[in-house]
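Asks: In this note's numbering, the protein residues as written are 1014 to 1303.
Cβ atoms here follow ideal geometry from the backbone N, Cα and C, with glycine treated the same way.
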């Protein structure tokens, strides 16, 4: 067994506290994923904890957004939509342990299908179904959740020197343009918030949508950033809204700004840098939004 990273070690300690406090097994904790959050399985119990390790949001705002994720996921599950559901062995609430906003989910057997374009294409009808389901969500949702904290994150990128100053300057300019054009923008709808065609689990019972951490109100185009033309066609053929080209371009820029801002975490998680490098290079070669 490999030595856990400091992030994972802290997440395991917090998970052990949650397990002890709620009478769940804590002697066979397994790290399933270690990145922006650490995912811990409380084996053999069917419970998975998501422990955030990289965040710039104040705790109160982080808790509020993760509470919305739990509420939306529980509502979708109650409607019969295929979604990773909150754990039924823990209270349906955010568990705050040592200033970490932990959420608990049902463990499901699954397999990783990686970054296969054919897999993403096959999921587009599910994305269209998700948008139709979310349209009926009765609760309140915040606007532009994925862009929260971007300004302070860009400050962190600048101070760390992890990217050239001209990258940070351009990202700030583009973020200002996006915020100006999106202020008062009509047609915001409930969206997943983070590549729903990617953030899904393939289980023996079918594909489940997951990771609704950024669920909120945004243009539907936000969820289509990164889709090929063929994927968009599959989405619209399944009843999804036809994206507006100008809005899609603006959302692509916003996602790129988010990508640049995420480099604030590279000093803590160096392995993130190489994974984001090709996307940064593509952004540098694209026209600046003015």
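1. Under the rule that 16 or more other beta-carbon atoms within 10 Å means buried, what is residue 1113, buried or exposed?
2. Grouping DSSP H, G and I as helix and E and B as strand, with all else coil, what is residue 1043?
3. Taking 6 Å as the limit between beta carbons, can you name the residues of its chain near residue 1075, skipping five residues before and five after?
4. Whose C-alpha, out of 1240, 1196 and 1029, is nearest the C-alpha of residue 1135?
5. Quick one: grab the DSSP three-state call for residue 1261.
6. Is the distance from the Cβ of residue 1154 to the Cβ of residue 1232 below 8 Å?
7. Verify whether the separation of the beta carbon atoms of residue 1050 and residue 1065 is less than 8 Å.
8. Can you find the residues in the same chain that come closer than 6 Å, C-beta to C-beta, to residue 1169, ignoring five residues on each side of it along the sequence?
9. Between which two residues does the beta strand (DSSP E) harbouring residue 1054 extend?
10. Which first and last residues belong to the beta strand (DSSP E) in which residue 1203 is found?
11. Please confirm if the region 1095-1104 is in contact with the region 1247-1266, defined as three or more CB-CB distances below 8 Å between the two stretches.
12. Give a yes or no on whether the C-beta atoms belonging to residue 1013 and residue 1191 are separated by under 8 Å.
13. Can you tell me the Cβ-Cβ gap for residue 1214 and residue 1221, rounded? I've got them flagged as a contact below 8 Å.
14. For a test of the three-state rule: what should DSSP assign to residue 1091, helix, strand or coil?
15. Taking the alpha-carbon positions, what's the residue 1184 to residue 1236 distance?
16. With H, G and I counted as helix, E and B as strand and the rest as coil, what does DSSP make of residue 1293?
17. Between the alpha carbons of residue 1018 and residue 1048, how many angstroms are there, rounded?
18. Extract the residue ranges of the beta strand (DSSP E) inside the region 1099-1165, only unbroken runs of 3 or more that lie entirely within it.
19. On a CA-only basis, which of 1023, 1280, 1238 and 1109 is nearest residue 1176? Give me that one, please.
20. Measure the CB-CB distance between residue 1305 and residue 1099 and report whether it falls below 8 Å.
21. Taking the alpha helix (DSSP H) that residue 1068 belongs to, which residues open and close that run?
22. Could you spell out where the beta strand (DSSP E) holding residue 1237 opens and where it closes?
Replies: Concretely, from the data shown:
1. The sequence position of residue 1113 within the chain shown is 100, counting from 1. Classification for residue 1113: buried.
2. Taking the chain shown and counting its residues from 1, the one referred to as residue 1043 is at position 30. Three-state result, residue 1043: strand.
3. Taking the first residue of the chain shown as 1, we reach residue 1075 at position 62. Cβ-Cβ distances below 6 Å link residue 1075 to 1068 and 1114 in the same chain, with the five nearest sequence neighbours on each side left out; the list follows chain order.
4. Locating residue 1135 in the chain shown gives position 122, counting from the first residue. Answer by Cα proximity: 1240.
5. Here residue 1261 corresponds to residue number 248 of the chain shown, with the count starting at 1. It is helical.
6. By one-based count along the chain shown, residue 1154 stands at place 141. By one-based count along the chain shown, residue 1232 stands at place 219. No; because the gap between Cβ atoms is not below 8 Å, this pair is not in contact.
7. Working through the chain shown from its first residue, we reach residue 1050 at position 37. Working through the chain shown from its first residue, we reach residue 1065 at position 52. It is a contact, given that the beta carbons lie within the stated cut-off.
8. For the purposes of this step, residue 1169 is taken as the residue at position 156 of the chain shown. If the five residues before and after residue 1169 are omitted, its C-beta is found closer than 6 Å to the C-beta atoms of 1277, all from its own chain and listed in chain order.
9. Within the chain shown, residue 1054 is the residue found at index 41, counting from 1. Its beta strand (DSSP E) spans residues 1050-1055.
10. If you number the chain shown from 1, residue 1203 lands on position 190. Residue 1203 -> beta strand (DSSP E) spans 1202-1204.
11. no
12. Lying outside 1014 to 1303, the shown extent of the chain, residue 1013 is not represented and no answer is given.
13. Here residue 1214 is taken as the residue at index 201 of the chain shown, counted from 1. Here residue 1221 is taken as the residue at index 208 of the chain shown, counted from 1. About 5 Å separates the Cβ atoms of residue 1214 and residue 1221, confirming a contact at the 8 Å cut-off.
14. The residue labelled residue 1091 in the question sits at position 78 within the chain shown. Helix.
15. Position 171 of the chain shown, counted from the first residue, corresponds to residue 1184. Position 223 of the chain shown, counted from the first residue, corresponds to residue 1236. Cα to Cα, the separation comes out at about 20 Å.
16. One-based indexing of the chain shown puts residue 1293 at position 280. DSSP places residue 1293 in helix when its eight states are reduced to three.
17. Here residue 1018 is taken as the residue at index 5 of the chain shown, counted from 1. Here residue 1048 is taken as the residue at index 35 of the chain shown, counted from 1. Their Cα atoms are separated by approximately 10 Å.
18. 1108-1110 and 1113-1119
19. Numbered from its first residue, the chain shown carries residue 1176 at position 163. If we check each option's Cα against that of residue 1176, 1280 comes out closest.
20. Limits of the chain in this structure are 1014 at one end and 1303 at the other, which puts residue 1305 out of reach.
21. Here the question's residue 1068 lines up with position 55 in the chain shown. Taken as a continuous stretch (DSSP letters only), residue 1068 belongs to no alpha helix (DSSP H), as it is neither H nor E.
22. On the chain shown, residue 1237 is found 224 positions in, with the first residue counted as 1. Segment: none, residue 1237 is in no beta strand (DSSP E) and carries neither H nor E.
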